[in-house]
Amino acid sequence: MNTLEAIYGRRSIRRFRDRPVPRQLIEQVLDATTQAPSGKNRQPWRFVVVEGPQKRAEMVRVMRSGIEKARQAGVDLGSSENTARIMEQAPVTVFVFNAEQTDEAGESPMFPVDYQSIGGAIQTMLLAAHELGLGSLWICDVFYAYDELREWLGRSDQMVAAVSLGYADEAPDARPRVPWQDLATWLAD
Ligand SMILES: Cc1cc2nc3c(=O)[nH]c(=O)nc-3n(C[C@H](O)[C@H](O)[C@H](O)COP(=O)(O)O)c2cc1C
């Protein structure tokens, strides 16, 4: 698979097989992820890998407690309950943190740079997983349980996203894209 095949062939996967992912494969995904570029080569990303039926069940319980709190506060729950079900099914979920942004230090002037770097790393993770035969889902619904999950994971830095990984149990068609011709303008001689 070349890079363009990976870019065009990747899909968000929301059904995973009940099959464990070898640790070596997850390590390979993480190693590839850390090859992403980052502003000033700060490599602000940190990862917490959650795997195993017990840890997964705890994670989803914590996620649901955050969703419940949001419901009680009248917040629109969006896709969060569905995402919690996907995380329950996925054998592995990797939480991604921004180590440069901590409760203690306050907002860093490099925040926009670090955040972009981490976005690039997450996309690198998805492409590497795809190349290695794994399905993935980039998840921001973890923000519904931001405080709860961060506390459960024992982190004081900023949670940016989570990525669920596993063997895909579906092969969805490509989701629609706005053609680039409608998005790009040219300034050229
Ligand atoms: C920043 C970001 C956050 C996302 N959060 C979620 C999520 O919480 N739950 C979910 O099911 N999908 C989530 N997605 C997946 C998108 O819905 C998906 O990428 C989009 O619909 C396009 O589909 P594709 O990835 O198959 O091309 C997220 C994607 C991105 C980039």
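The numbering used here puts the first residue of the sequence shown at 50, with every later residue one more than the last.
Idealized CB from N, CA, C, for every residue including glycine.
Being a predicted model, the structure only gives us computed values, none of them experimental.
Exercise for the section: Return yes when the Cβ of G168 is within less than 9 Å of the Cβ of G215, no when it is not. Expected result: no
Handout entry: Nearest to Q92 (by Cα), restricted to the options Q73, Q150, E137
Key = Q150
Handout entry: From I75, Q121, P69, residue whose alpha carbon lies closest to that of G101
Key = P69
Problem - Sufficient close CB pairs (3 or more, under 8 Å) joining the region 207-221 to the region 57-67 - result: yes
Handout entry: Outcome for S213 when other beta-carbon atoms lying within 10 angstroms are tallied against a minimum of 16
Key = buried
Practice task
Classify G101 as helix, strand or coil using the three-state DSSP reduction.
Solution key: coil
Exercise for the section: Give, in chain order, every unbroken run of the alpha helix (DSSP H) that is at least 4 residues long and sits entirely within the region 171-224. Expected result: 195-202
Exercise for the section: Return yes when the C-beta of W187 is under 8 Å from any heavy atom of ligand 1, and no when it is not. Expected result: yes
Handout entry: Pick from T52, Y57, R110 that is closest to P225, judged by C-alpha positions
Key = Y57
Practice task
For E76, I'd like the list of residues in its chain whose CB is within less than 7 Å of its CB, leaving aside the five on either flank, ordered along the chain.
Solution key: none
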